[in-house]
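> Residue 127 in UniProt numbering sits at position 127 of the sequence shown, and the numbers go up by one each step. Quick one: structure below, then a few questions.
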Amino acid sequence: MASILIIDDHRLVASGTKNLLQEAGFQAELLFSAEELQKSVEKTHFDLFLVDWNLPEVNGMQITEKIIQRVPEARVVIYTGFDKEIPPVFDELIDKGVSGIISKSAAIETLIASIRAVLGGQSVFPLSMLRQVRSRSRLVKEAESVFDEREQEIIKGVIDRKTNRVIADQLHISQRTMEYQLEKIYRKLGIHSRDEVQKRVKEIGLVLQTRSFKNKS
């Protein structure tokens, strides 16, 4: 009988999931916080870890790292109600060792079938999420071709909360030129203010190729 550790701070959800898994023939145990993880892993062997994405003070990626550090061969499945938070970090999750992602809105049959698939050595990811990842990857490539080196330096400066004057000085351009280019950046990003820059860059997953600004007082 395969043993599964459910890590979820929502007690009602976790208990319901445990009951479903037990009815499907699995042995299941619960943890309601990441603090208890080390003791549980040292005490008991688990065939699969079903990890809530959002736990107090940590997220599913951090939990996955802790599990893999202690049990390198572990099968970790992210169980999430926050599907939109996953695509921006999808590649990193795979690199960390995640074997699958299941939405909490998935049907019971899908949950059970996905867990069995992962236990059988397969990887399981929602098709809708893979489409989001693919779409996001395309946006990243488009964005990287749209912004030249100077524009990326300006974006980095804005994200670092540098003033227009400081950014202009560090790029050896006039403040007026810098502000003109910033307006162009807003149009390309489809936003209207500095406050929206970081959020939009994160949404499209733009990786800035910049030289480090020299510290300047």
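Ideal placement from N, C-alpha and C gives every residue a C-beta, glycine not left out.
How long is the line joining the alpha carbons of Q27 and L21, rounded to whole angstroms?
So the two alpha carbons sit approximately 7 Å from each other.
> So for N215, helix, strand or coil by DSSP?
Since pLDDT at N215 reaches only 45, below the 50 mark, its modelled position is unreliable, and the value read off the structure follows with that caveat. DSSP places N215 in coil when its eight states are reduced to three.
> With a threshold of 8 Å on Cβ separation, who are the neighbours of W53 within its own chain once the five nearest residues in sequence on each side are excluded?
Excluding positions up to five away in sequence, the list reads N59, G60, I78, Y79, T80, G81, F82, E85, I86.
> V166 to I63, Cα distance in whole Å?
About 39 Å.
> Three or more C-beta pairs under 8 Å: does that hold for the region 1-13 against the region 33-49?
Segments in contact, yes.
> List the endpoints of the continuous beta strand (DSSP E) containing V98.
Element bounds for V98: 98-103.
> Less than 7 Å between the C-beta atoms of K104 and E65, yes or no?
Their beta carbons are not under 7 Å apart, which means K104 does not touch E65 by this criterion.
> Using beta carbons (cut-off 7 Å, strictly below), is R161 in contact with chain D?
The structure shown contains no chain D, having only a single protein chain.
> Mind checking R75: buried by the 16 CB within 10 Å criterion, or exposed?
The residue in question, R75, is buried, as its Cβ has 16 or more Cβ neighbours within 10 Å.
> Can I94 and F125 be called in contact, C-beta distance under 7 Å?
Not a contact, by the Cβ cut-off of 7 Å.
> Quick one: residues in its chain with C-beta nearer than 6 Å to the C-beta of I191, no 5 flanking neighbours on either side, listed in chain order?
Taken in chain order, the residues that qualify are R200.
> Is it true that the CB of L12 sits closer than 7 Å to the CB of A34?
Against a cut-off of 7 Å, the Cβ pair of L12 and A34 comes out as no contact.
> Mind checking S174: buried by the 16 CB within 10 Å criterion, or exposed?
Flag for S174 reads exposed.
> Looking only at its own chain, which residues have a Cβ that is under 6 Å from the Cβ of K214, when we skip the five neighbours before and after it?
For K214, the predicted structure reports a pLDDT of 48, less than 50, and the residue's modelled location is therefore unreliable. A value from the coordinates is still provided. Cβ within range, chain order: n/a, list empty.
> Answer yes or no: do V146 and K188 have a C-beta to C-beta separation smaller than 7 Å?
Contact flag set, yes.
> Which partner residues of N164 appear in the DSSP bridge assignment?
Partner(s): none; N164 has no beta bridge.
> Should A14 and L37 be called a contact, given that it needs their Cβ atoms to be closer than 7 Å?
The answer is no: Cβ separation not under 7 Å.
> Are the beta-carbon atoms belonging to H149 and N164 less than 7 Å from one another?
Reading off the sequence, residue 149 comes out as Glu, not His. No. Outside cutoff.
> A28 lies in the beta strand (DSSP E); which residues open and close that run?
Looking at the DSSP string, the run of the beta strand (DSSP E) that includes A28 is 27-31.
> Measuring alpha carbon to alpha carbon, tell me which residue in A24, I67, G25 is nearest S40.
When each option's Cα is compared against that of S40, the closest is I67.
> To the nearest angstrom, how far is it from the Cα of K216 to the Cα of K162?
Note that K216 scores 44 on pLDDT, short of 50, meaning its location in the model is unreliable and no value can be drawn from it.
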